[in-house]
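The structure appears right after this line, and notes come after that.
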Amino acid sequence: MSNHPRKTDSTRAGEAIIRRWFLRSLAVILVVGIIGAALGWYLGHDRTATVTLEEAVVSGPVEEESTPSQTPPAVTFRDITTAAGIEFVHTNGAYGDKLMPETIGSGVAFFDYDNDADQDLLLVNSTWFPGHEQESRPTLALYQNDGNGHFTDVTRETGLAINCFGMGVAAGDFDNDGWTDLYITALGDNYLLKNGQGHFTDVTTATGTAGQTSDWSTAAAFLDIDNDGDLDLFVGNYVQWSREIDLEIDFRLTGIGRSIGAPNHFFGTTNRLYRNDGGEHFTDVSASAGILITDPVTHAPLGKALSVAPVDYDRDGLLDLFVANDTTQNFLYHNLGDGQFEEIGALEGIAFDRNGKATGAMGIDAAYFRNDEELGIGIGNFANEMSSLYVTAGGQPPFADEAILEGFGPASRLALTFGLFFFDYDLDGRLDLFQANGHLETEINLMQSSQTYAQAAQLFWNCGSACRNRFVPVTESGDFANPMVGRGAAYADIDGDGDLDVVVTQNGRRAVLFRNEQSLGHHWLRVRLVGAHANQNAIGAVVELTVEGVTQRRMVMPTRSYLSQSELPVTFGLGTRTAADELHITWPDGEQQTVPVPAVDVMLTIQQGSHS
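Written out as structure tokens, the structure is:
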């Protein structure tokens with residue numbers, strides 16, 4: 223926890239203005255210097271000489287070719303979906319009218335539902351629209367992991383054969399009983415499912431967390447907003463939608479006809495925040511907490527949330543919320559304490575892109591990808607909009623979009639990106655970047671030759687600060703190259719070998735499970751935290767591992783990517799190093815703990831307050 227005094231909004235705004243004018247002043251000085259030098263040369267040379275002028279050729283950002291030092295290691299991801307026993311196929315409900323909800327879902331979660339120390343897999347499903355039902359009854363799907371990466375469908379015996387127009391999922395132990403619960407977002411009522419020793423019970427009505435039947439909920443996150451030791455619940459809502467509104471708008475594309483409606487044709491809506499009161503009861507505090515954001519002139523709701531990243535960006539011990547909004551400004555809910563938030567996305571530089579425009583923002587993740595004090599916020603955007611990478615300066619906001627400077631911006635421009643997350647796939651100690659891609663419109667190639675409905679995922683290797691481009695596209699990553707209609711994406715170590723495997727959901731198609739088959743000989747350390755005074759999952763904790771003077775920082779936060787949850791344990795890559803100097807934990811309630819690292823290539827389970 224930082225002990226520096228909190229900066230006021232006016233102070234931040236002043237610093238941002240000073241920084242901008244300082245940079246502009248430097249630019250003016252540089253231009254004046256160049257002009258002066260040119261004038262001096264001109265006066266001191268023969269002015270009768272013939273000068274040949276050539277028109278300058280200005281081009282947009284291009285991806286630099288990799289040098290041998292920037293060649294990603296040979297790592298293959300293999301599609302093991304069928305071999306692993308995963309048979310899930312997503313139902314999107316499409317019947318011909320091309321309604322907007324049919325192309326948005328859905329999410330996925332890696333979590334340990336049965337407390338056997340391996341990562342199980344939940345896949346969210348949608349269903350048929352009223353009046354267009356078919357014989358099958360789509361439900362959620364839960365697959366139990368045997369610890370070796372083979373899965374068994376346990377949906378019905380665990381009480382999860384729920385039929386709804388599902389969108390996303392959040393995982394967290396809201397009642398601190400040691401069993402991870404689930405929250406399912408949907409078009410219509412949402413579901414809070416209590417885990418009772420491996421069997422789930424619907425407690426939505428009793429807890430008051432269904433939302434409104436008219437809501438279209440997408441992103442969700444369990445987090446402790448007030449550091450009282452229990453998990454509260456944030457729910458992001460998308461747009462005001464009904465079948466009647468969708469058909470009345472009658473969105474069309476030239477050469478295609480009726481198409482999936484664009485979000486800027488629909489009114490926005492507001493998000494919800496539920497405070498955990500204990501005793502399996504929540505209170506909707508959205509209004510009193512400052513979560514309801516409206517246009518200051520029209521008073522219309524501004525939000526069109528698709529994903530959320532909870533992170534303590536100013537390191538004051540309170541979790542803030544970054545929300546990716548589709549075609550409207552992104553939000554940053556700054557946690558003021560005492561359950562109060564202020565929305566300051568524009569002030570802190572993450573509301574718009576580098577040109578001051580809102581993007582078609584989809585998935586989001588936050589990470590200290592440089593192994594220093596700088597926090598990065600990655601956001602996947604629509605086709606022909608490069609992904610964003612907002613980064614602090616000197617460990618402080620405002621953020622600046624450095625996607626081009628860090629190398630992956632140009633390579634991400636064509637893709638329509640949904641799932642996005644940071645993870646160290648090659649265990650070299652640097653966080654890499656993954657994007658799951660796929661278009662909305664099945665026939666988009668008829669209109670745009672550069673676009674296809676199914677698109678290959680993208681993996682970017684973090685080459686480090688000494689390279690020209692930090693993030694280098696990995697052109698040979700195995701089955702990631704197979705085109706997918708990618709949506710949700712998550713990671714976990716499914717087979718206990720220390721490296722991170724990946725799952726991607728597809729809209730209207732089968733989910734795909736990829737095993738990481740790296741064999742680089744790199745060492746690793748995995749850490750699982752168990753809270754005592756803090757929430758049992760230790761969601762919101764920060765774990766720092768120092769190896770040979772370099773500190774890697776990981777946040778215990780399952781909510782990341784798009785509509786999805788990744789595993790709770792954190793993974794540190796060590797490369798060829800066989801020992802670590804120190805492991806330091808900042809628990810969600812601010813407690814500091816340093817523990818020894820007795821060995822590498824192991825999973826450490828650390829109890830809050832323990833000495834080993």
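The sequence shown begins at 223 in the working numbering and counts up one residue at a time. In this text, a Cβ means the ideal position worked out from N, Cα and C, and glycines have one as well.
For residue i: DSSP bridge partner residues
i, result
"D301", "F736"
"S914", "A query on residue 914 cannot be resolved here, the shown segment of the chain reaching from 223 to 834 and no further."
"Q815", "I807"
"P695", "F682"
"P294", "DSSP lists no partner for P294."
"H556", "E564"
"I406", "V391, Y413"
"S529", "A546"
"Y590", "Partner(s): none; Y590 has no beta bridge."
"D375", "Y365"
"V330", "L345"
"A622", "V613"
"P523", "T516"
DSSP state of residue i mapped onto helix, strand, coil
i, result
"Q829", "strand"
"H421", "strand"
"L321", "coil"
"Q657", "strand"
"F396", "coil"
"D701", "helix"
"I716", "coil"
"S436", "coil"
"T727", "strand"
"P820", "coil"
"L343", "strand"
"T380", "coil"
"L884", "It is not possible to answer for residue 884, since the shown part of the chain is limited to 223 through 834."
"P429", "Per the sequence shown, residue 429 should be read as Thr rather than Pro. Helix."
"A633", "helix"
"L569", "helix"
"R690", "coil"
"P791", "coil"
"Q551", "coil"
"T674", "coil"
"A259", "Residue placement at A259 is poorly supported in this model, since its pLDDT is 41, which falls under 50; the coordinates still yield a value, given next. Of the three classes helix, strand and coil, the one that applies to A259 here is helix, per DSSP."
"M706", "strand"
"G797", "strand"
"L642", "strand"
"A711", "strand"
"G582", "strand"
"E287", "At E287 the pLDDT is 43, less than 50, meaning the model places this residue with poor confidence; the figure from the coordinates comes in the next sentence. Coil at E287, not helix or strand."
"L245", "Bear in mind that a pLDDT of 41 at L245, under 50, signals an unreliable position, so the model cannot answer this."
CB-CB length for residue i against residue j, believed under 8 Å
i, j, result
"S835", "M584", "This structure leaves residue 835 out entirely; the chain is present only between 223 and 834."
"D868", "G795", "Residue 868 is absent from the model: the chain starts at 223 and stops at 834."
"N498", "L543", "Actually they do not touch by this definition, with Cβ atoms about 16 Å apart."
"M842", "L785", "Since the displayed the chain opens at 223 and closes at 834, residue 842 lies outside it and no answer follows."
7 Å Cβ cutoff, residue i in contact with chain B
i, result
"F630", "Included in the structure is just one protein chain, with no chain B present."
(message) Assess contact between the stretch 660-667 and the stretch 804-818, defined as three or more Cβ pairs (one per stretch) separated by less than 8 Å. Is contact present?
(response) Not touching, per the Cβ criterion.
(request) Just list the alpha helix (DSSP H) runs in the stretch 441-520, keeping only unbroken ones of 4 residues or longer that don't cross its boundaries, in chain order. (result) Counting whole runs of 4 or more residues, the stretch 441-520 contains the alpha helix (DSSP H) stretches 465-471, 508-511.
(request) Output the residue ranges of the beta strand (DSSP E) runs that lie fully inside the stretch 731-784 and measure 3 residues or longer, sorted by chain position. (result) Entirely contained in the stretch 731-784, the beta strand (DSSP E) runs reaching 3 residues are, in chain order, 734-738, 745-752, 764-769, 772-777.
(message) Between the stretch 823-830 and the stretch 735-754, can you find at least three pairs of beta-carbon atoms closer than 8 Å?
(response) The stretch 735-754 makes contact with the stretch 823-830; the number of CB pairs closer than 8 Å reaches 3 or more.
(message) Check whether the stretch 765-776 and the stretch 322-339 are in contact - that is, three or more C-beta pairs closer than 8 Å.
(response) Because the criterion of three Cβ pairs below 8 Å is not met, the stretch 765-776 and the stretch 322-339 do not touch.
(message) Measuring CB atoms only, is the stretch 668-682 touching the stretch 610-620, in the sense that at least three cross pairs come out at less than 8 Å?
(response) The stretch 668-682 vs the stretch 610-620: no contact.
(message) Check whether the stretch 402-417 and the stretch 430-447 are in contact - that is, three or more C-beta pairs closer than 8 Å.
(response) The stretch 402-417, when compared against the stretch 430-447, does touch it at the 8 Å Cβ threshold.
(message) Below 8 Å, how does it come out for the stretch 447-466 and the stretch 552-572: are there three or more Cβ pairs, yes or no?
(response) Because the criterion of three Cβ pairs below 8 Å is met, the stretch 447-466 and the stretch 552-572 touch.
(request) Assess, as a yes-or-no matter, whether the stretch 459-471 is touched by the stretch 495-512 under the definition of 3 or more beta carbon pairs within less than 8 Å. (result) Not touching, per the Cβ criterion.
(request) Determine contact between the stretch 299-316 and the stretch 715-734, defined as no fewer than three beta-carbon pairs at a distance below 8 Å. (result) Yes, the stretch 299-316 touches the stretch 715-734.
(message) When you compare the stretch 779-798 with the stretch 639-649, are there three or more beta-carbon pairs, one atom per stretch, that lie closer than 8 Å?
(response) Yes: at least three Cβ pairs fall under 8 Å.
(message) Quick test of the definition: if touching needs 3 or more C-beta pairs under 8 Å, does the stretch 686-706 touch the stretch 625-638?
(response) The stretch 686-706 makes contact with the stretch 625-638; the number of CB pairs closer than 8 Å reaches 3 or more.
(message) So, does the stretch 345-356 touch the stretch 753-768, judging by three or more C-beta pairs under 8 Å?
(response) No, because fewer than three Cβ pairs between the stretch 345-356 and the stretch 753-768 fall closer than 8 Å, the two stretches do not touch.
(request) Decide if the stretch 309-316 is in contact with the stretch 724-742; the criterion is three or more beta carbon pairs, one per stretch, under 8 Å apart. (result) With a cut-off of 8 Å on Cβ pairs, the stretch 309-316 is in contact with the stretch 724-742, counting three or more such pairs.
(request) Could you tell me whether the stretch 388-403 touches the stretch 366-373, where touching means 3 or more Cβ pairs closer than 8 Å? (result) At 8 Å Cβ cutoff, the stretches do not touch.
(request) Determine contact between the stretch 532-546 and the stretch 587-606, defined as no fewer than three beta-carbon pairs at a distance below 8 Å. (result) Using a Cβ-Cβ distance cut-off of 8 Å, the stretch 532-546 and the stretch 587-606 are in contact, since at least three pairs of beta carbons, one from each stretch, lie closer than that value.
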